[in-house]
Amino acid sequence: MNSIAFADEKAGVRSEITTVFGYYGVTHGLSDRRFATAWGNAYLSSGLGAHAEVHFMDREETASYFAGGLSWSGTSTSLRGWLGTSTGNDDILPELYARIEGIWRSSAETGFVVSPAATYRKFRNGAEEAIVEADIAKYYPLTTGYLILNTFGRVLFIDPGDHVTASFGAGVTYAQSRKVAIGVTVEAGRATYDGMLVPSTFDEPYVSLRPHVSFYITDKAEVVGLLEYSSRQSYDLYGGYVGLKLYFD
């Protein structure tokens, strides 16, 4: 679960559609990255949900991606599964994508949200990734809203090469329910060119900084935005996205 979504978890699940447009510049001769992504979540009173995501990426190759999923939500737990695929490309977007993720919410007095997930990605160039990750968030009520502290970790198992990389991070967000959220996330670890090229090509430490903000312009419309700067030995990456989230609850 990304940082911008924390406020939604605290305020309660709402059906919505989000569309974002983004750009990332890359140094040292690599292709800049332009993308557009739209995703939607529809929740029923029974606790069942349906989810979809469409993504277009223009970088070293140009490709599109689609994923769909189903979920179940209870009082304190949620479970969601995804399946996805992409148009023809060697190593930008996966030919096969499968993911299962869960959320556990403690009592309001305790204020914890724990989000584990497992992902499998297979690319047309023969590379495969298995990813295990977890995010732990803690909510602190304030007079005007609440403060959210989170920490997360991710381990990637990559073939060919039986390669293993890991990353860890932490973030802080200040949020007012259905008004505004602003925060920043720091992440560091080892990268293999986003895990999508042959592992031996790039295997190096990196650090990323991601400030983010969202604010409601009406009760059913929210502007979301994120900036990112990531530095590693082979290249630096800078950019972000801006978009609009529309609620239909």
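For the sequence shown, my numbering assigns the number 368 to the initial residue and increments by one for each residue that follows.
For glycine and all other residues, C-beta sits at the position ideal for the given N, C-alpha and C.
The structure presented is a predicted model; accordingly, all values stated were derived computationally and were not measured.
Since residue i and residue j are thought to touch, with beta carbons under 8 Å apart, how far apart are those beta carbons, to the nearest angstrom?
i           : j           : result
residue 414 : residue 449 : Contact flag wrong, Cβ pair sits at about 18 Å.
residue 610 : residue 380 : About 19 Å; that fails the 8 Å criterion.
residue 397 : residue 573 : Actually they are not in contact, since the Cβ atoms of residue 397 and residue 573 sit about 14 Å apart, beyond 8 Å.
Just the C-alpha distance for residue i and residue j, rounded to the nearest angstrom, thanks.
i           : j           : result
residue 563 : residue 511 : The predicted position of residue 563 is uncertain, since its pLDDT is 44 and thus under 50; a value taken from the coordinates is nonetheless stated next. Taking the straight line from one Cα to the other gives about 43 Å.
residue 604 : residue 486 : 24 Å
residue 608 : residue 385 : 12 Å
residue 517 : residue 409 : 26 Å
residue 499 : residue 444 : 19 Å
residue 554 : residue 459 : 22 Å
residue 597 : residue 423 : 21 Å
residue 466 : residue 484 : 7 Å
residue 583 : residue 492 : 42 Å
residue 571 : residue 427 : 20 Å
residue 617 : residue 404 : The chain is shown from 368 up to 616; residue 617 falls before or after that span and cannot be answered.
What does the Cβ neighbour count give for residue i, buried or exposed, with the cut at 16 atoms within 10 Å?
i           : result
residue 441 : exposed
residue 542 : buried
residue 615 : exposed
residue 490 : buried
Ends of the beta strand (DSSP E) at residue i?
i           : result
residue 519 : 513-526
residue 504 : 495-508
residue 543 : 530-543
residue 395 : Premise fails: residue 395 is in no beta strand (DSSP E) and is neither H nor E.
residue 595 : 588-599
residue 343 : The chain is shown from 368 up to 616; residue 343 falls before or after that span and cannot be answered.
residue 468 : 463-472
residue 452 : 444-453
residue 603 : 603-614
residue 556 : 547-558
Are the stretch 543-557 and the stretch 568-587 touching, with three or more C-beta to C-beta distances below 8 Å? By the Cβ test, the stretch 543-557 is in contact with the stretch 568-587, since at least three Cβ pairs between them sit closer than 8 Å.
Segment contact, 8 Å Cβ cut-off, at least three pairs: the stretch 496-513 with the stretch 480-487: The stretch 496-513, when compared against the stretch 480-487, does touch it at the 8 Å Cβ threshold.
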